[in-house]
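Undergrad: Dropping the structure in here first, questions after.
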Amino acid sequence: MLFNSLAFLAFLPIFMIAYWSTKGRVRLWVMLVASLVFYAWWDWRFCFLLLFSALVDYSLGILLENERDDALRRRLIIISVAVNLGLLGFFKYFNFFVGQATGIALRIVLPVGISFYVFKTMSYTIDVYRRTQAAERDLLRFTTFVVFFPELVAGPIVRASRLLPQLARDHRFSYARMVSGLTLIASGYVRKVAIADSIAPLVDIRFAHPEAHNSWSLLIGVYLYAFQIYCDFSGYSSIAIGLARVLGFDFGINFDRPYFSSSFSEFWKRWHISLSSWLRDYLYIPLGGSRGGTWRTYRSLMITMLLGGLWHGANWTFVFWGALHGTYLVVERAFPRRIIPRALSILLVFHLTCFAWVFFRAHSFSNAWEVLTGIASMRGSLADVENRWRTLKCAVMIAVMLAFEAAAFVPKWRTAEVSPAMRLAFVGACAWVVLIFGTFSGNNFIYFQF
Amino acid sequence: MSDARRAVIWLVALAATIVAGDHLLAAVLRKVLLRSQFRYSRLYRGGNRAEILILGDSRGVHSFYAPAIEELTGLRAFNLSYNSLSPRIAEAVLLDYLDHNPPPRMVVLEPTCAIVTGALTAELRTYAGSSPRLAALYAESHPAAAAASRAFWLYPLNSEFFLEALHYMRRTDQDWIHHDVIPHARRAPGGTWRLAPYPGQVDALARIVRLLQRRGIEVRLVIAPYAPIKPPSNAAEFAGLIERRTAAPVWNYVGAIADLDAFADAVHMNERGSRAFLRILARDGFFGMAQPPARF
Numbered sequence: 000m001l002f003n004s005l006a007f008l009a010f011l012p013i014f015m016i017a018y019w020s021t022k023g024r025v026r027l028w029v030m031l032v033a034s035l036v037f038y039a040w041w042d043w044r045f046c047f048l049l050l051f052s053a054l055v056d057y058s059l060g061i062l063l064e065n066e067r068d069d070a071l072r073r074r075l076i077i078i079s080v081a082v083n084l085g086l087l088g089f090f091k092y093f094n095f096f097v098g099q100a101t102g103i104a105l106r107i108v109l110p111v112g113i114s115f116y117v118f119k120t121m122s123y124t125i126d127v128y129r130r131t132q133a134a135e136r137d138l139l140r141f142t143t144f145v146v147f148f149p150e151l152v153a154g155p156i157v158r159a160s161r162l163l164p165q166l167a168r169d170h171r172f173s174y175a176r177m178v179s180g181l182t183l184i185a186s187g188y189v190r191k192v193a194i195a196d197s198i199a200p201l202v203d204i205r206f207a208h209p210e211a212h213n214s215w216s217l218l219i220g221v222y223l224y225a226f227q228i229y230c231d232f233s234g235y236s237s238i239a240i241g242l243a244r245v246l247g248f249d250f251g252i253n254f255d256r257p258y259f260s261s262s263f264s265e266f267w268k269r270w271h272i273s274l275s276s277w278l279r280d281y282l283y284i285p286l287g288g289s290r291g292g293t294w295r296t297y298r299s300l301m302i303t304m305l306l307g308g309l310w311h312g313a314n315w316t317f318v319f320w321g322a323l324h325g326t327y328l329v330v331e332r333a334f335p336r337r338i339i340p341r342a343l344s345i346l347l348v349f350h351l352t353c354f355a356w357v358f359f360r361a362h363s364f365s366n367a368w369e370v371l372t373g374i375a376s377m378r379g380s381l382a383d384v385e386n387r388w389r390t391l392k393c394a395v396m397i398a399v400m401l402a403f404e405a406a407a408f409v410p411k412w413r414t415a416e417v418s419p420a421m422r423l424a425f426v427g428a429c430a431w432v433v434l435i436f437g438t439f440s441g442n443n444f445i446y447f448q449f
Numbered sequence: 000m001s002d003a004r005r006a007v008i009w010l011v012a013l014a015a016t017i018v019a020g021d022h023l024l025a026a027v028l029r030k031v032l033l034r035s036q037f038r039y040s041r042l043y044r045g046g047n048r049a050e051i052l053i054l055g056d057s058r059g060v061h062s063f064y065a066p067a068i069e070e071l072t073g074l075r076a077f078n079l080s081y082n083s084l085s086p087r088i089a090e091a092v093l094l095d096y097l098d099h100n101p102p103p104r105m106v107v108l109e110p111t112c113a114i115v116t117g118a119l120t121a122e123l124r125t126y127a128g129s130s131p132r133l134a135a136l137y138a139e140s141h142p143a144a145a146a147a148s149r150a151f152w153l154y155p156l157n158s159e160f161f162l163e164a165l166h167y168m169r170r171t172d173q174d175w176i177h178h179d180v181i182p183h184a185r186r187a188p189g190g191t192w193r194l195a196p197y198p199g200q201v202d203a204l205a206r207i208v209r210l211l212q213r214r215g216i217e218v219r220l221v222i223a224p225y226a227p228i229k230p231p232s233n234a235a236e237f238a239g240l241i242e243r244r245t246a247a248p249v250w251n252y253v254g255a256i257a258d259l260d261a262f263a264d265a266v267h268m269n270e271r272g273s274r275a276f277l278r279i280l281a282r283d284g285f286f287g288m289a290q291p292p293a294r295f
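Those protein sequences? They're chains A and B, same order as listed. Heads up, the first sequence is in numbering that gives the first Met the number 0, so the first residue is 0 and it goes up one at a time. Heads up, the second sequence is in numbering that gives the first Met the number 0, so the first residue is 0 and it goes up one at a time.
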């Protein structure tokens, strides 16, 4: 089920009534069943995979906690990682690795959200192994943690240490939480339905036939994609976090104005925070982090970013995107002295990020090359850019969004108390923006494919 | 007051704010829409005294450059064509034009728009409030969205038409035409393709022709040039079909322009191409003669 579908609009009030009219374990059952319905709307068969993943990590978590023999515990954690990565590897990467090596290609459907829930359950067993997380002994609570619908299919990756304790207590309805949650949801819908979905067709035609577009058009297409993916994913995250907040849960934040970053290390602290912190804690630091000297740090950074790229999809273009970001981070560490002003750094980081997005969006290296050489050819004029009014509409909305984001850098405004009346006006304005600028084509969220 | 009661009051206030703001903003924006110089705003505002009216899809837009027609003929031209405008929509637009404006002397129809179907119907909601005919077409193709349009008045303004109307607030849109040329990378001759008209759209063309003839308005069916790299393989057959169904002659100029610099892409001319094409039409007596010359 998509957040931007009529089915979800019908599902949500029914779920809310059931959720707030129950307590304790009945409420957990409501959440579990609702989450499975939410997931089954896409393909009911994969609910079994989801439940299998939950059951395996539930059992392994308890075994890991009970076991005192380190060698056996190591074996158990290897089993957990192997099962999780095995699921991910088969459904997501089988055709990529085995298919490329042997020419055998299977018709495999990628289960929606697998990259997210596998990382969530895997981090749980790793934490139990490290004894930083107690094993959850309540199967209902653990399964609800795995399948909880607001963050099931496209994150944020909310770890066990944050979510399980919140599932252990009954949340009372809070007016303040509802109002602030709806504010987040409204801003998420504006990002997704009004901005990202309006941009989508403009980007699609440019990447489908780069040779048919002039340099300006392609350049604008790349900029637009940078905001499409940001608004699409941060929009989804806002809706998920807002929904959770209405229900009484706190997910933290997943995006923090990433295009205002003046360095790549800052960018990765602001972009898809739940994934970048996951990669930091479960990959970069175990690889040695920054503790083993310069070259080892560079190696850890590159491996982390390469695998981070591969996580996004089974294509070398994603790996190259990760490699580019790894290179940016390494170069930044090698030359740490800031010699350019912050505003210029922000522009530089944004443009290098856009350059990397070309490979992320392109379906092949030749497609990316066509886009880049098309931009470099300097052919055509700005006046001949097609769909100019749709482009201008998107540009205006992006400018307004960036103005809101920039305003949040002013400390006085960032910490200002927002009254319910102000929130009401904001949500109302969001509804008008969606009505007049929204694209109601029911587009998937981009991160569903990851 | 309990949290639940405050939440209910807040939600009711939110719903009222959304509906009130929606209706108020929409009322203001509709006034803005109808003040625009965009072709359909002008149509529904009325008072246009065009002598030559042009109807077609994007090929109608980029083949019949209204300023050039006026320069060549000294007659007032008004191009009502739009990208993906099908004959069924053109029929409604034409009837609305005749309701709101004095009748033109001549209507030029680019009949290859009969291969277009409902792509533009989603845009119709913008002017559905001014035209029961467009409202009916929109409701027929998008029943759920049409119902949403009745509840939320801002939604009909969520369209390319509205953005165009904003752009053309202070200046005419009649000079809208391609200026670019086909990129060299796309100039190699392509495969063949056929003009495949929809029967319902051909019927609409026939109705338009009959209506104009009944009202004593001259009608010209003209197939504008295609780029020679990828012309339709059945243009003559298509012209014959349209002639049979409409009982009106078709002026077939499919291969009239060979210069690739006159085209923006395989199916659309640019300003240079349109001017060259209109000169050919004038030379052939198109704007004066009731019948095409013998070679047609």
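Glycine residues also receive a C-beta, built at the ideal position from the N, C-alpha and C atoms.
(1) In or out: residue 77 of chain B buried (at least 16 other Cβ within 10 Å) or exposed?
(2) Find the nearest neighbour of residue 68 of chain B within the set B/287, B/274, B/282, B/283, judged by alpha-carbon distance.
(3) Would residue 151 of chain B count as contacting chain A if we go by Cβ distances under 8 Å?
(4) Note down, in chain order, each residue of its chain lying with its Cβ closer than 7 Å to the Cβ of residue 261 of chain A, except the 5 sequence neighbours on either side.
(5) Who are the neighbours of residue 20 of chain B on chain A, taking C-beta pairs under 7 Å?
(6) Could you check which residue in B/268, B/44, B/47, B/25 has the C-alpha nearest to that of residue 178 of chain B?
(7) Taking the alpha-carbon positions, what's the residue 45 of chain A to residue 121 of chain A distance?
(8) Pick out the complete alpha helix (DSSP H) segments inside the segment 347–408 of chain A, 4 residues or longer, and give them in chain order.
(9) Would you kindly work out how many angstroms separate the C-alpha atoms of residue 270 of chain B and residue 258 of chain B, rounded to a whole number?
(10) So for residue 416 of chain A, helix, strand or coil by DSSP?
(11) Could you list which residues in chain B have their beta carbon closer than 7 Å to that of residue 178 of chain A, in chain order?
(12) Going along the chain, which residues of its own chain have a beta-carbon closer than 6 Å to the beta-carbon of residue 243 of chain A, five neighbours each way excluded?
(13) Strictly by DSSP, which residues pair up with residue 251 of chain B?
(14) Leaving aside the five residues before and after residue 357 of chain A along the sequence, list all residues of the same chain whose C-beta is less than 7 Å from its C-beta, in chain order.
(15) Could you give the distance in angstroms between the alpha-carbon of residue 286 of chain B and the alpha-carbon of residue 105 of chain B?
(16) Per DSSP, which one or two residues make a beta bridge with residue 219 of chain A?
(17) Of the residues A/126, A/116, A/169, A/130, which one's Cα is nearest the Cα of residue 144 of chain A?
(18) Have a look at the DSSP bridge pairing and note the partners of residue 233 of chain B.
(19) Let me see if you follow: with CB-CB separation under 8 Å, is residue 512 of chain A close to chain B or not?
(20) Taking the straight line between their C-alpha atoms, what separation do you get for residue 332 of chain A and residue 311 of chain A?
(21) Counting only Cβ pairs nearer than 8 Å, list the residues of chain A close to residue 82 of chain B.
(22) Leaving out five residues on either side along the sequence, give the residues of the same chain with a beta carbon under 7 Å from the beta carbon of residue 46 of chain B.
(23) Which term fits residue 77 of chain A, buried or exposed, when burial requires 16 or more other beta carbons within 10 angstroms of its beta carbon?
(24) Buried or exposed: where does residue 190 of chain A fall if 16 or more other Cβ atoms within 10 Å of its Cβ makes it buried?
(25) Tell me whether residue 71 of chain B sits in a helix, a strand or coil according to DSSP, three-state version.
(26) For residue 112 of chain B and residue 108 of chain A, I'd like the C-alpha separation in whole angstroms.
(27) Run through DSSP, which three-state label would residue 78 of chain B get?
(28) Hey, could you find the ends of the alpha helix (DSSP H) residue 204 of chain A is sitting in?
(29) Three Cβ pairs or more, each shorter than 8 Å: is that satisfied between the segment 380–398 of chain A and the segment 191–202 of chain A?
(30) Check residue 217 of chain B in the structure and name its three-state DSSP category.
(31) Under 8 Å, Cβ to Cβ, is there at least one residue of chain B near residue 464 of chain A?
(32) Going by the CB atoms, is the gap between residue 56 of chain A and residue 124 of chain A shorter than 8 Å?
(33) Below 9 Å on C-beta distance, what does residue 17 of chain B contact in chain A?
(34) Helix, strand or coil for residue 276 of chain B per DSSP?
(35) Is there a Cβ from chain B that is less than 8 Å from the Cβ of residue 210 of chain A?
(36) Quick one: grab the DSSP three-state call for residue 262 of chain B.
TA: The answer reads as follows:
(1) Here the question's residue 77 of chain B lines up with position 78 in the second sequence. Per the 10 Å Cβ criterion, buried.
(2) Counting from one through the second sequence, the residue named residue 68 of chain B turns up at place 69. That would be B/274, whose Cα lies nearest to the Cα of residue 68 of chain B.
(3) Position 152 of the second sequence, counted from the first residue, corresponds to residue 151 of chain B. Closer than 8 Å to some Cβ of chain A, the Cβ of residue 151 of chain B qualifies, so yes.
(4) To locate residue 261 of chain A, count along the first sequence from 1; it is residue 262. Once the five neighbours on either side are set aside, the close Cβ partners of residue 261 of chain A are 341, 344, 345, 348.
(5) Walking along the second sequence from the start, residue 20 of chain B turns up at place 21. Under the 7 Å cutoff, chain A gives 427, 431.
(6) Indexing the second sequence from 1 puts residue 178 of chain B at position 179. Nearest C-alpha to residue 178 of chain B: B/268.
(7) Here residue 45 of chain A refers to the residue found at position 46 when the first sequence is read from its first residue. Here residue 121 of chain A refers to the residue found at position 122 when the first sequence is read from its first residue. Computed Cα separation, rounded: 18 Å.
(8) 364–375, 387–406
(9) Translated into positions along the second sequence, residue 270 of chain B becomes position 271. Translated into positions along the second sequence, residue 258 of chain B becomes position 259. Rounded to whole angstroms, residue 270 of chain B to residue 258 of chain B spans 13 Å at the Cα level.
(10) Against the first sequence, residue 416 of chain A aligns to sequence position 417. Three-state result, residue 416 of chain A: coil.
(11) In the first sequence, counting from the first residue as 1, residue 178 of chain A sits at position 179. Neighbours of residue 178 of chain A on chain B, chain order: 9.
(12) Numbered from 1 along the first sequence, position 244 holds the residue referred to as residue 243 of chain A. Contacts found: 149, 250.
(13) Start at 1 with the first residue of the second sequence, and residue 251 of chain B comes out as number 252. Note: residue 251 of chain B sits in a beta bridge opposite B/222.
(14) For the purposes of this step, residue 357 of chain A is identified with residue 358 of the first sequence, where counting begins at 1. Counting only Cβ-Cβ distances below 7 Å, and skipping sequence neighbours, we find 221, 367, 370, 371.
(15) Position 287 of the second sequence holds residue 286 of chain B. Position 106 of the second sequence holds residue 105 of chain B. So the alpha carbons of these two residues sit roughly 9 Å apart.
(16) In the first sequence, residue 219 of chain A corresponds to position 220, counting from 1. Bridge partners of residue 219 of chain A: none, in fact.
(17) Residue numbering aside, residue 144 of chain A sits at position 145 when the first sequence is read from its first letter. Comparing Cα positions, the closest option is A/116.
(18) As a first step, residue 233 of chain B is located in the second sequence; it is residue number 234 there, counting from the start. Note: residue 233 of chain B sits in no beta bridge, so no partner.
(19) The question about residue 512 of chain A has no answer, for chain A in this structure spans 0 to 449.
(20) Residue numbering aside, residue 332 of chain A sits at position 333 when the first sequence is read from its first letter. Residue numbering aside, residue 311 of chain A sits at position 312 when the first sequence is read from its first letter. The alpha-carbon atoms of residue 332 of chain A and residue 311 of chain A are separated by roughly 25 Å.
(21) For the purposes of this step, residue 82 of chain B is taken as the residue at position 83 of the second sequence. The premise fails here: residue 82 of chain B is roughly 10 Å from chain A at the closest Cβ pair, so nothing lies under 8 Å.
(22) In the second sequence, residue 46 of chain B corresponds to position 47, counting from 1. Excluding positions up to five away in sequence, the list reads 100.
(23) Sequence index remark: in the first sequence, residue 77 of chain A carries index 78 (1-based). Residue 77 of chain A comes out exposed.
(24) As a working mapping, residue 190 of chain A is identified with position 191 in the first sequence. By the 10 Å Cβ count, residue 190 of chain A comes out buried.
(25) In the second sequence, counting from the first residue as 1, residue 71 of chain B sits at position 72. Three-state result, residue 71 of chain B: helix.
(26) Translated into positions along the second sequence, residue 112 of chain B becomes position 113. Translated into positions along the first sequence, residue 108 of chain A becomes position 109. For residue 112 of chain B and residue 108 of chain A, the distance between alpha carbons rounds to 40 Å.
(27) Position 79 of the second sequence, counting from 1, holds the residue named residue 78 of chain B. Residue state, collapsed to three classes: strand.
(28) The sequence position of residue 204 of chain A within the first sequence is 205, counting from 1. Its alpha helix (DSSP H) spans residues 196–207.
(29) yes
(30) Looking up residue 217 of chain B in the second sequence gives position 218. Three-state result, residue 217 of chain B: strand.
(31) Any answer about residue 464 of chain A is impossible in this case: the structure gives chain A only from 0 up to 449.
(32) To locate residue 124 of chain A, count along the first sequence from 1; it is residue 125. To locate residue 56 of chain A, count along the first sequence from 1; it is residue 57. Inclusion of residue 124 of chain A and residue 56 of chain A in the CB contact set at 8 Å is warranted, their separation being smaller than that value.
(33) Locating residue 17 of chain B in the second sequence gives position 18, where the first residue counts as 1. Those are 426, 427, 430, 431, 434, listed as they occur along chain A.
(34) By 1-based counting over the second sequence, the position of residue 276 of chain B is 277. DSSP, reduced to helix, strand and coil, places residue 276 of chain B within a helical segment of the structure shown.
(35) The residue you call residue 210 of chain A lines up with position 211 of the first sequence. It does: the Cβ of residue 210 of chain A has a partner Cβ on chain B nearer than 8 Å.
(36) If you number the second sequence from 1, residue 262 of chain B lands on position 263. Here residue 262 of chain B sits in strand by DSSP.
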